[in-house]
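In this note's numbering, the protein residues as written are 251 to 418.
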């Protein structure tokens, strides 16, 4: 099933899970969702201090878990590519923890995150498989968590590379 604007606005969970339309992109919705996250972070971040941004991240995780789970159920796919809230939340985490960085540093963070999210090397592949739907199993809260979890591991891998880059 390829979601549409009508599908997205038919339930309140769907705009969140579909990244407010970024997940409707006909090509590379994960990349489009990450670009949307980058732009949204640039707009939203100055209005919050670190404690408030931490609350945004925590609320985004809980709300995202709910939205991703329900949207996956509605689409009858355990981890649909159109769901991009996982990229949004994970890239916000990268930017929040790695800042301050100039445009070049942010672009490197973007490229690293997209690599880890798409190629799924090592720990990201492990995280991706951990909560996969098993034969005969419905799409439940574990799969909704899994949608978010592998991207959070990709974010941690990105942050590790950035930390090593800065140390070096």
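The C-beta atom is built at its ideal place from N, Cα and C for all residues, glycine as well.
Owing to the predicted nature of the structure, the values given are computational and were not obtained by experimental measurement.
Helix, strand or coil, according to DSSP, for residue i in the structure here?
| i | result |
| --- | --- |
| residue 387 | coil |
| residue 254 | coil |
| residue 395 | helix |
| residue 379 | helix |
| residue 372 | coil |
| residue 278 | coil |
How about residue i and residue j: do their beta carbons lie closer than 7 Å?
| i | j | result |
| --- | --- | --- |
| residue 404 | residue 360 | no |
| residue 400 | residue 374 | yes |
| residue 332 | residue 265 | no |
| residue 342 | residue 318 | no |
| residue 283 | residue 269 | yes |
In its own chain, which residues sit with a C-beta less than 7 Å from the C-beta of residue i, not counting the 5 before and 5 after it?
| i | result |
| --- | --- |
| residue 306 | 298 |
| residue 323 | 389 |
Is residue i buried or exposed, if buried means 16 or more other CB atoms sit within 10 Å of its CB?
| i | result |
| --- | --- |
| residue 396 | buried |
| residue 329 | buried |
| residue 408 | buried |
| residue 362 | buried |
| residue 381 | buried |
| residue 364 | buried |
| residue 300 | exposed |
Which residues in the same chain as residue i place their Cβ atom closer than 8 Å to its Cβ, once the five residues preceding and following it in sequence are excluded?
| i | result |
| --- | --- |
| residue 288 | 341, 345, 356, 360 |
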